[in-house]
Each structure stands twice: as C-alpha cells, then as structure tokens.
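Chains as they are written, first to last, in numbering that gives the first Met the number 0: chain A, 0 to 409; chain B, 0 to 409.
Even glycine gets a Cβ: it sits at the ideal position worked out from N, Cα and C.
Here the structure is a predicted model, which is why all the values come from computation and not from measurement.
For reference, the structure discussed in these notes is given below.
2 protein chains.
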Amino acid sequence: MSVIKVDAELVERYILELGKFGAWGDTGVWRPVYTPEWISARDQFASWCEEAGLHVHQDAVGNVWGRLDGSESGKSIVSGSHIDTQKPGGRYDGALGALGALIAIRTLKEQFGQPRRTLEAVALCEEESSRFAANFWGSRAIIGAIAPGDPDRIVNEDGESIAEAMRAIGLDPDRCAEAKRDDIEAFLELHIEQGPVLEQAELPVAVVSGIAGVRVYRVVLNGTANHAGAFPMDLRSDPMAGFVEIAQTLTENARRLGRPVVTTIGQVFAEPNGPTIIPSRVEFTVDARHVDTDAYHQLLASHEQVIRDIASKHGLGIELDWFIDHEPSPSDPNIVRVLEEGASEQGIPFMTMPSGAAHDAQQMAEITNIGMVFVRSKDGRSHTPEEYSSVDDMTAGIKLLASGLHKLAY
Amino acid sequence: MSVIKVDAELVERYILELGKFGAWGDTGVWRPVYTPEWISARDQFASWCEEAGLHVHQDAVGNVWGRLDGSESGKSIVSGSHIDTQKPGGRYDGALGALGALIAIRTLKEQFGQPRRTLEAVALCEEESSRFAANFWGSRAIIGAIAPGDPDRIVNEDGESIAEAMRAIGLDPDRCAEAKRDDIEAFLELHIEQGPVLEQAELPVAVVSGIAGVRVYRVVLNGTANHAGAFPMDLRSDPMAGFVEIAQTLTENARRLGRPVVTTIGQVFAEPNGPTIIPSRVEFTVDARHVDTDAYHQLLASHEQVIRDIASKHGLGIELDWFIDHEPSPSDPNIVRVLEEGASEQGIPFMTMPSGAAHDAQQMAEITNIGMVFVRSKDGRSHTPEEYSSVDDMTAGIKLLASGLHKLAY
C-alpha cells in the first residue's frame, strides 16, 4: 500500500488548541464532563469533524461521532477515546485518541477517498471519573451497560447527580439507553502509553496485545490498640504488622513474577494512627493486574491466600472485598496482525506489548473486536500536567492507526 | 517489720470519686490540665491530703503537694503521679499513683506516726499531653526543665497557649521556675502496668527495674507517583514498597530479639493515597524501646541502618529524624531492693520487670533516685475508658509502695 501522509502540523495544532479548553497552568488540563470547558472541547471536536467532511452527531450521553460513510452497507469501523481529563491531567491522555481518530479518518478520506466500510471517529465522555464516580460512562452507554436509574444514583461530592448535570446541558438522562450501538465491527483506540516501556525501548509506538485484567481489593485488618511501650511484641494483635507483612509479600511476589504482572498498594489508612499506639485497624488497597486470563486468576488466588494466611498468623480480624474488577481483554488477533503489518509497511519501528492501564476499549470489547496503539510517554508520566508525547511520536501513532483503519475499511 | 494495713474501701472510694471529675461514659475520664474538671480533681486531692493531716501547697505550675514532716531535717522521700488523663482515658492511669501515694503516707502516719524523713505525696499535672503538646509538664517543672518562654511557645490546636491557660486559673506562667526542687532524696511512682505481662504471670504487682529508653522516628520516603497499571514493577520508585519492606524488617527484627525490645509502626500517611496510583510519598513513625542503655543504642543503630539501606535499595529519597528521645532510666538499685524486700515481708507475690512506657519518674530521674511499682492491668489496656485494675491489686500495690516508703523514711 501507499505511504500514508499525516500532517504533523495539524496534529500539533489540534492537541494544543483542544488543551486550551480547561487549561490548567502551563501544560495541564482540568476538564470535567458536562462543564463549560468540556462543552467547548466537544463543540471544537464536532466542528473539526465537520471541517473534515464527516457527518456529525451527538448521542444520548454526549459522545460525539464523526461518520464517513462507506460504499458498502455493514457495521462501522470505529476509533476514538475520551476528552474528559484527570483533575488536573495533561493534554494527551484521551485527547490524543479522539483527535487521532479524526485526523486518521480525515487523512484517509483526503488520500484514498470514500472507504468501502463506514469509518467513525468518536470523542467519548467521562472515562476518568472526572466529575462523577462514573468512569467509562460514554463507552458504557455505547455497550448498553447503563441501567435505568443509574444517572440519578450517581452523585458526586457536591451532592449533584449525573442526571442533573446532563439536564443542565440539555441531555435527557432517561434516554441513555439510546446511545447503545450494535453495529460496530471493530474499535481501535490510540492512547499514550502512560508507562516507561516504550521510552526505555526507544520506540515511538506499540501495538497493544491486550488490556490487563485488574482487580482492586479493599482489605481491613482488625486488631487491638495498645500501648506501644508496655505491650510486648509477642502478645500483640497488631494490624500494622499484619499489613506490612502482607504488602511486602504481595509486592515481592509480583516483582519475582516479573512483567506484565503488577501489584500496587496505593492507599492505606491506620487507626488511631498515633506514633506511640499500636493501631486497632488498618485499611488498605491492593491493585493486581495481568493480561493473561489464566495467569490473572492465579495471581488473584495467590494474593488472596497470602492476605488470609498472614492475617490469620497475626490473629487479626479481616474484611476482604473488591471494588474494581475487570477481566483481561485480549486484542482481536486480526486487528493486532493488521496493525503490525501496517507498522512494517509504513516504516514505523514498534513493539507489541500489553496495556496495564484500563481503557474505553476494554468496555467496547463487550460488543466488538478491539485493538489499541500506544504512543511513547515522556518519563512514563500520565494523569498529571507533566505528561508529554512528542509531535513526531503522536504523528507516527496516528499514521499507524490510519494504516490499520485503511486495511479494515478500504 | 509489721504488716501494713491499707484500707481497701478507701482505695476504691478515692478512685471512684476522683473519676467523677471529667467522667466520660460509664468508666472513662476526660480531664485535660487546667480545665474545670482538672481543678475539681486537684482540689479534691488537696482536700484529702488535708484530711490526712498533711501540709498542702500548690507549686507554680499546679502540682499539688501533701507533706508529712520528718523528725530529722534532710531531703524528702516523694511519691506520686499525674491526675490529667488521655482524651478519653480511664480512672487508673496516673490517678492511682497520686491517690496511692496519699493513701500510703496516710496509712504510714496512722500506723507508725511521724517519720524520720519527710514524706510527700504529689499530684502532677499534664503528663499525658492532655491539652497541650507539653507532656511531663509537671515533673519537668520540678526538675527545672521548663525554659522561660516555653509557656507562651506551647500552643494547642485551638490556638491557646499554655501560658494563657495558666493565667485563666490564677497561675503565673512567668514563675514556672519556682516549681524546681533540689531537696528530693527519692521518687517512687505507683502506676498501672498498661501491658499484659502481670496478668499473664498471674501476679498483682511488680517492682520496676527501670524505664525503657524510647526514640520515636519520623521517616519520609520520596518516590514518584505513577500509574499502577502502566508502570512495570522493575521501573518503579515506589515509597510504599520501601515502607512496607522497612516496617516488616524492623518489626521482624524486634520480634526476634524478644522482650523487652519493642518496635511499633503506629502512624502512616501516603500521598496521593489513591487505590490505582503508585504513591509519591510515604511518611511513617517508628517507636523503638529498650531498657538497657547499650542494647537500646544498638537497636537504634540497627534500625537506622535498615531504614537507610532499604530506602537506598528502592532508589527513594529519605528524611529521617526523631521527635521523642528519652534515654533508659534504670531504677535505683537500693529502691529496687527495698521494694523487693518489702513485697516479701508483706507477703505480696511479685515479679521484677522493666517499664516499656514512659512515666514522670523518668523525668524525676534527672534529679533524684527513682523506683516504681506496677499494678496489674486487665487485658493490658490503658489510655481507654476500658482500663481496669481490681481493688485487691491496687491495694496490694499501695501496700508495697507504703512498705518501700516505710523503709526509706522511718
């Protein structure tokens, strides 16, 4: 196939201009869903879609779609990502995938004309829990995973429901179900890596083999508060001692297993949390991920066994449950192959790697075949104003995405 | 010597009546220094001293002394403890030692008349940091360790200085230095054990061989916050991983060394403390104690080495300092001998053990010979409304204290 020519100046201009909506300091963006900043970004995306000659419409939850009709009937080939951000986040996480889809489809249209299959670019809403504990809101609407009543039930720290926020900008929360799609053939998401693997490998882009399964446990260990001086070690029921042994064992086990296994203790609360008091209660989280389904479940089983055994050894009461739980989502083998071939043909150095982070594509996997392209992140940073990807790397990522879309749609 | 007869009904009545000042729930006491509840308790103590025929005076910081003059001139034999409490604490921590000193001296006076050496009972103030970060305030005044300006410098969470609190109840903070004493021959403190050792040994009382040295470190580990999914274990700079390995190693080492070594991680704060983010910063405390001076310093050196080595292994920035630091205070060998002989003569089963907790006696050791008597604590509990010691055990403790005072003063 011919070499695809992506306009690097356009990539840079779109990224910088979209980043102005909710700009935070020099390089950050703070753009919660359904706010004026988000509305401006959504409208800008829609306007650029129109400029590219795409048919634009907004769905029932506020996802914006730009459609390039194919010459044949059939399901669509879709690409996109989210345009809400962390608080604050940067210019790249999410935005690159929405703008990249638009630029890729615009480029294909300009260079190759009408596709055989319909192509769609989509800007998704509220992937990050930017304003409500409702992450993947846009993609969950598309797969039909929003239940009636959810918009009223989901209330943020200010006491505001997502239903109220939708109504305030003219969306009808009772119509969320209308956002459901059953006519998508494939979903390709371009995203920054959010890790240091590509930088370490000195590569601009990666084809993603699959998205890791993730379970995040909340563990509570209950012991007895006592005087740190007067209570001998051998008579204590000390949940901090239990916690540190559990956490040390879990992270050591994950390190020993090596990539792509990760296990993270991100959050801990001790009570009463005084310097000279043995704690009565320690609560902590365990985030465990693996991209292979069998290995993922072995990892979870092993972690749970370690937690229970050590709590029992220390004579501690235990509460163990989880509040995030996604099975691994392997990429579609055909999409992986198409992207790998595209990279070779376009002369883009790449590697194939799993995604440790969750993405909208993981939701979309419920209804369609998925694939992802990663772009190198400076220092592996994300969810911060310091996140950065070079224009060259982003352009290479969009070129790789376009080559995949070309193979699927032309 | 003759058997000393301590009135168990008086012990019970005094403990229950003093506990009414600042009563908290069924069995708790919340009695911060210089409050109306504390003033009532102080006045009650003074009134009981007068009733026992002691000369009463309050010193410059509010310690109340009841004096039984000896027939000979010379330094005093003093006993007492504090009457402020934790928030909330119980009826026994501190109060038992002040009331026990008063009852012991009253009993000796009734049974043996005037002593050779002057005996004094003292109710000390603000041992617990009950209202200000000013623990051992009363005993530090007696040893002359309060600097001019301290009363104005020490400000609590409500923005109130200890100087203001003193003035509000008629004490002059500029005269703290007048509380200094240089005429004390010995200080004996009766106190609840605050641990489970006597209960486990099925003994009512202990003679205390010395008070453990205690250093409480504040450690900060600095790493880099990153995405818990996208950042491989082998590329992380994770202060939580460093913390749990340090804490596990320190507590395991202390457990292996065995009694009387204790090491406690009581407090931990992580930032940003999110379930799916590798923390950037973990701050924690390490409380380390040992009663033997050489072994204490070996323990501290070993702990510091472990902290630095593991932080370095994980590539973490480190801040290490301490905010509590007391050397071990061995009891005076003569006082230990006198108390051990007294226990045998009075037929009181006992053991000799170190104190892991700090006490006013540790301050008093700066200016005089010290000794302590412990009374069995139910379930080893203290600093809680649930703390409890039986009337029989308290009476045995006061009898042992009285026998020691008798040997030193008659």
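Check: With DSSP run on the structure shown, which of helix, strand or coil describes GLN362/A?
Finding: Here GLN362/A sits in helix by DSSP.
Next item on the list: Quick one: give me the first and last residue of the alpha helix (DSSP H) that ASN252/A is part of.
Entry: For ASN252/A, the uninterrupted alpha helix (DSSP H) segment begins and ends at 238–256.
Note to self: Check this for me: beta carbons of ALA59/A and ILE82/A, under 9 angstroms apart or not?
What the structure shows: Against a cut-off of 9 angstroms, the Cβ pair of ILE82/A and ALA59/A comes out as no contact.
Margin query: Applying the 10 Å Cβ sphere with the 16-neighbour rule, what's the burial state of LYS398/B?
Written below: By the 10 Å Cβ count, LYS398/B comes out buried.
Notebook entry, point to check: Which residue from PRO327/B, VAL337/B and VAL213/B puts its Cα closest to that of GLU365/B?
Noted result: PRO327/B
Margin query: Short of 6 angstroms in beta carbon distance, which residues of its chain neighbour VAL267/A, apart from the five on each side in sequence? Order them along the chain.
Written below: PHE283
Margin query: I want to verify the contact list: residues of chain B whose CB lies under 8 angstroms from the CB of ASP286/A, in sequence order.
Written below: ALA227, GLY228, PRO274 and THR275
Checklist line | Cβ of PHE322/A within 9 angstroms of any chain D Cβ | finding: Although the question refers to chain D, the structure presented lacks it and instead comprises the protein chains A and B.
Notebook entry, point to check: Can we say the stretch 72–81 of chain A touches the stretch 173–186 of chain A, given the rule of at least three CB pairs closer than 8 angstroms?
Noted result: yes
Check: Any contact of the stretch 146–158 of chain B with the stretch 373–390 of chain B, i.e. 3+ C-beta pairs under 8 angstroms?
Finding: no
Next item on the list: Pull up the DSSP beta-bridge partners for MET371/B, would you.
Entry: According to DSSP, which records beta bridges pairwise, MET371/B is partnered with GLU188/B and VAL207/B.
Check: Going along the stretch 89–109 of chain A in order, which residues come within less than 8 angstroms of chain B, judged by CB to CB distance?
Finding: none
Notebook entry, point to check: Using DSSP with H/G/I as helix, E/B as strand and the rest coil, what is TYR409/B?
Noted result: coil
Next item on the list: Using DSSP bridges, identify the partner residues of SER80/A.
Entry: ALA122/A
Note to self: Counting only Cβ-Cβ distances shorter than 9 angstroms, please list the residues of the stretch 256–268 of chain A near chain B, keeping chain order.
What the structure shows: LEU256, GLY257, ARG258, PRO259, VAL260, VAL261, THR262, THR263, ILE264, GLY265, GLN266, VAL267 and PHE268
Notebook entry, point to check: Taking just the CA atoms, how far does ILE104/A sit from MET350/A?
Noted result: Cα-Cα distance, rounded: 24 angstroms.
Notebook entry, point to check: Which runs of the alpha helix (DSSP H) spanning at least 4 residues fall entirely within the stretch 263–342 of chain A, listed in chain order?
Noted result: 292–312
Checklist line | Rounded straight-line distance, which links the Cα of THR262/A to that of VAL372/A | finding: 24 angstroms
Margin query: Cβ closer than 7 angstroms: which chain B residues qualify as neighbours of SER129/A?
Written below: Residues of chain B passing the Cβ test: none, with the nearest at roughly 14 angstroms.
Notebook entry, point to check: In chain A, which residues lie with their C-beta within 8 angstroms of the C-beta of SER301/B?
Noted result: Correct list: empty, because the minimum Cβ distance to chain A is about 15 angstroms.
Note to self: Taking beta-carbon pairs under 9 angstroms, can you tell me which members of the stretch 374–389 of chain B lie near chain A?
What the structure shows: SER376, ASP378, GLY379, ARG380, SER381, HIS382 and THR383
Next item on the list: Consider the Cβ of GLY222/A: report whether some Cβ of chain B lies at a distance smaller than 9 angstroms.
Entry: For GLY222/A, no CB of chain B lies under 9 angstroms from its own CB, so it is not counted at the interface with that chain.
Notebook entry, point to check: Does the beta carbon of VAL196/B sit closer than 9 angstroms to a beta carbon anywhere in chain A?
Noted result: yes
Check: What are the boundary residues of the beta strand (DSSP E) that includes ARG90/A?
Finding: Taken as a continuous stretch (DSSP letters only), ARG90/A belongs to no beta strand (DSSP E), as it is neither H nor E.
Item checked: Straight-line gap, ARG288/A to HIS325/A (C-alpha atoms, nearest Å) -> 9 angstroms
Check: Taking 9 angstroms as the CB-CB cut-off, is PRO278/B touching chain A?
Finding: yes
Margin query: I want to verify the contact list: residues of chain B whose CB lies under 8 angstroms from the CB of ARG254/A, in sequence order.
Written below: Neighbours of ARG254/A on chain B, chain order: MET232 and ASP233.
Notebook entry, point to check: Shortest alpha-carbon distance to ALA360/A belongs to which of GLY341/A, SER330/A, LYS377/A and SER389/A?
Noted result: It is SER330/A.
Margin query: Using CA atoms only, rank isn't needed, just tell me which of HIS358/B, ASP291/B, LEU17/B and GLU11/B is closest to GLU125/B.
Written below: GLU125/B has its Cα closest to that of HIS358/B, out of HIS358/B, ASP291/B, LEU17/B and GLU11/B.
Item checked: Proximity below 9 angstroms, CB of ILE277/B to CB of ASN221/B -> no
Notebook entry, point to check: For TYR216/A versus HIS296/A, is the C-beta spacing smaller than 9 angstroms?
Noted result: no
Checklist line | Under the three-state DSSP convention, the category PRO353/B falls into | finding: strand
Checklist line | Within chain A, partners of GLN193/B - CB distance below 9 angstroms | finding: ASN225, HIS226, GLY228, ALA229 and PHE230
Next item on the list: Could you please give me the residues that DSSP links to ASN221/B through a beta bridge?
Entry: ARG280/B and GLY316/B
Checklist line | Proximal chain A residues relative to GLN247/B, where beta-carbon distance stays under 7 angstroms | finding: VAL243, GLU244 and GLN247
Next item on the list: May I have the straight-line CA-CA distance separating ASP42/B from GLN247/B, to the nearest angstrom?
Entry: 48 angstroms
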